[in-house]
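Going down the list, the protein sequences come from chains U and F.
Those letters in the first sequence? Residues 1 to 165, per this note's numbering, in order.
Those letters in the second sequence? Residues 1001 to 1420, per this note's numbering, in order.
Every residue gets a Cβ at the ideal spot worked out from N, C-alpha and C, and that includes glycine.
Working notes, structure below.
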Amino acid sequence: MQQVSKKVILIGNFGVGKTSLVRRFVYQKFSEEYLTTLGVKIDKKSVEIKEKNTIANLIIWDIAGEVSQTQVPQSYYLGSHGVIYVLDITRPSTYTRIQEDLDYVKRLLPKAPICIVGNKVDLVSAQDIEKFKSSVMIPVHFLTSAKDGSNVESMFLWIASQMIG
Amino acid sequence: MRSFKYIDRYKQNYKNKRIQFVLFDLQGNIIESCDTLVNISLYQDVSIFDLSPFLESIKDVLASLILNPDKIELPLTYPRLEIPLLTREGVFDYSFETFTHPETKEKYIVWIIEDNTDLYQYLWKVQQERNETAIRKELIVIQTQKIIQLHRSLQEKTHELHVKEYELKNQLVYTQKVQQTLLANSNKLNTWFADHFVLFLPKNTATSSLYYANQIKHNQQTLQFVSLLHCTASGITGSFLTTTAIFFLREIIEIEQLIQPHLVLDSLRSKLLNIFQIENKQFIENLEIALLCIDTAQEQISFASAKTPLWLIQQSNLQKHEGSNFLLLCPDDQFTPFEQSVLPLYPCTKLYLTTQGYLAQTNIEQLPIGVSHFENLILQHAEQSMAEQKQILHAFFEQWKIHQEQTDDVLVIGLQPIGV
Ligand SMILES: Nc1nc2c(ncn2[C@@H]2O[C@H](COP(=O)(O)OP(=O)(O)OP(=O)(O)O)[C@@H](O)[C@H]2O)c(=O)[nH]1
Ligand SMILES: [Mg+2]
């Protein structure tokens, strides 16, 4: 099996659950307490992508949330192979700027696959999800919950597989 | 001071003591390091890229720095990295430059590491507070709108003869979820007060008794608010009214920053009347509420309430403050503004609030627990820890109730704001 090393960044508004998603994926843990990320945290986890006969060593950059992704230092984006853009389903303010943000990220990283994630799905009803999907207007790849773990593993596996190409 | 072959020139330019320079090549060989922060020189046999996932992930970027410098905007800096530097925890700023060997003309990377943990601790606090406030405000507004919509739709539905069962169930579950998020978590109360307990025994899935607690900063003051609410109607309508009242309380205290309990209750009353468009008629659902504003720095408590007394124990003396003797949703023509008591707060002062649910619980002879039993219990055990007092009140309640149904939701709060 071949091994590759891939840098993936998590971006999005503050408090949407970026750190919690990484914590769930890497350590299988969750905490209700909110401790904001000041700059960047980095974690590593290897995943096996069977259909591509590859082990991907993911180096996950959990970046401090900003209202607009243009406020993130440009150096953080450099060399990223993939992007996870996280929204909080319960807070519309976290997805009002999604189009501008995505345009900006695509300009910086034209080749990197982008995964759009609606997080905190455990907090909402089926009706809320419909409302969320219609107001985001862009296809959301995964609805996740860092709290109960739903879809977290599959989301990271998906982006890993996309990055391998 | 140790002298270095190549990195001395960099060190001279920096006054900051907590700074380390490391020189390495693209294969990851460490050429030189001043080791001010950590002993990177110890790892001469290891590729530097294996030591740090950060460096591993920017290997290509560093290669471009040497091979295609035009493609990279300089200076190449990475601020606020919350990643341990080998064994050293902290928040670091990294920057990278290239260095050309004077003789061989070979190019190396200079890695400049600044430990700015102290500076960032302050910045972190500011950011945390900014984010928390913004999130809280957004959620309050959303949840308030949602609960109002739900209440409206529920009111409409009660007119229909056959309410679909599954819809009701859904709403009950939603109400319960919302209510759970509203209850202040015990960890926070622990950080604000020397000791406390909350004895909460809801009778149904969606409860009509709830409490609210939060700490706010108001003009340099840090104030804690504690409120206990009970709706006189039980069932789903009762729980909606209490839940809505808590959302408004949050709006009034946390966003509008009204801090005088009697004014908060005046405003809460008019907001609720306004939203539910209740005009001067008999209210089937009504609210009992107590609100405390605790200022530990000024050693003072302000208290206002609608039919919910405050008990205060100071040096084995029990005082009871009745508050206003009318329910919250009083029609305009009968309404007089709420009164407020301002009381001194001494170390070890203990405060107690309870809903009628505890006092009204009947025993096998249909006798309620009543105020005097409650007062005796809290006075007798006031010197014990709040956790022990909770146990005693709970055990007494269960014993009294034995073989009887629970009369109503029970919510009793005990607080000792300042320790010895
Ligand atoms: N219920 C629920 N809460 C979540 C979930 N994910 C995160 N949270 C909570 O949301 C809050 C913020 O989570 P973080 O992971 O710190 O958010 P972040 O995006 O890293 O925030 P910044 O670092 O400030 O950008 C915390 O209180 C978490 O407990 C989730 O899936 N469900
Ligand atoms: Mg974070």
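Taking C-beta atoms under 8 angstroms as the contact rule, H1262 (chain F) and E1339 (chain F) qualify, at a distance of about 6 angstroms. Contact check for I1418 (chain F) against T1296 (chain F) passes: the beta carbons are separated by less than 8 angstroms. The beta carbon of N1131 (chain F) sits closer than 7 angstroms to at least one heavy atom of ligand 1. Taking a cut-off of 8 angstroms for Cβ pairs, the segment 152-162 of chain U and the segment 109-127 of chain U touch, as three or more such pairs fall below it. Among the residues of chain F, those whose CB is under 9 angstroms from the CB of F14 (chain U) are Q1127, R1130, N1131, A1134 and I1135, following chain order.
Sixteen is the threshold: since fewer than 16 other Cβ atoms of the shown chains lie within 10 Å of the Cβ of S46 (chain U), the residue is exposed. Boundaries for F25 (chain U): no beta strand (DSSP E) harbours it, while the alpha helix (DSSP H) harbouring it runs K18 to Y27, taken from the DSSP string. Within chain U, V40, I42, I59 and W61 have C-beta atoms less than 9 angstroms from the C-beta of F1054 (chain F), given in sequence order. Not a single heavy atom of ligand 1 lies less than 7 angstroms from the C-beta of K1125 (chain F). In this structure, T70 (chain U) has its CB at a distance of at least 7 angstroms from all heavy atoms of ligand 1. Between the segment 21-28 of chain U and the segment 135-151 of chain U, the count of Cβ pairs shorter than 8 angstroms is three or higher; the stretches touch. For F1247 (chain F), the Cβ stays outside the 7 angstroms cut-off from all heavy atoms of ligand 1.
Residue burial annotation: Q2 (chain U) is exposed, with fewer than 16 other C-beta atoms found within 10 angstroms of its C-beta. Think of a sphere of 9 angstroms around the beta carbon of Q74 (chain U): the chain F residues whose beta carbon falls inside it are E1073, in chain order. Counting along the chain, D1060 (chain F) sits inside the alpha helix (DSSP H) bounded by residues K1059 to L1067. Close CB contacts of T90 (chain U) within its chain, under the 7 angstroms cut and outside five residues either way in sequence, are with K120, L123 and V124 (chain order). Excluding its 5 nearest sequence neighbours in each direction, L1241 (chain F) has C-beta neighbours in its own chain below 6 angstroms: C1231 and E1285, listed in chain order.
With fewer than 16 other beta carbons inside 10 angstroms of its own, L1074 (chain F) counts as exposed. From the beta-carbon of S1057 (chain F), the residues of chain U found nearer than 8 angstroms are S5, K7, I42, I59, W61 and G79. In summary, the residues of the segment 83-110 of chain U whose CB is separated from some CB of chain F by less than 8 angstroms are T90, R91, P92 and S93, in the order they occur in the chain.
For Y1006 (chain F), DSSP assigns no beta-bridge partner whatsoever. The beta carbon of V67 (chain U) sits no closer than 7 angstroms to any heavy atom of ligand 1. Considering only F:F1096, F:L1228, F:E1322 and F:L1343, the residue with the shortest C-alpha distance to T1354 (chain F) is F:L1228.
S1057 (chain F) is a Cβ neighbour of K7 (chain U), given a cutoff of 8 angstroms. When DSSP states are grouped into helix, strand and coil, L1345 (chain F) belongs to the coil group. T1205 (chain F) has its CB no nearer than 7 angstroms to any heavy atom of ligand 2.
With the criterion set as a beta carbon lying under 7 angstroms from some beta carbon of chain U, the members of the segment 1074-1091 of chain F are L1076, T1077, Y1078, P1079, R1080, L1081, E1082, I1083 and V1091, in sequence order. Membership of N1274 (chain F) in the alpha helix (DSSP H) is indicated by the continuous run P1261 to I1275.
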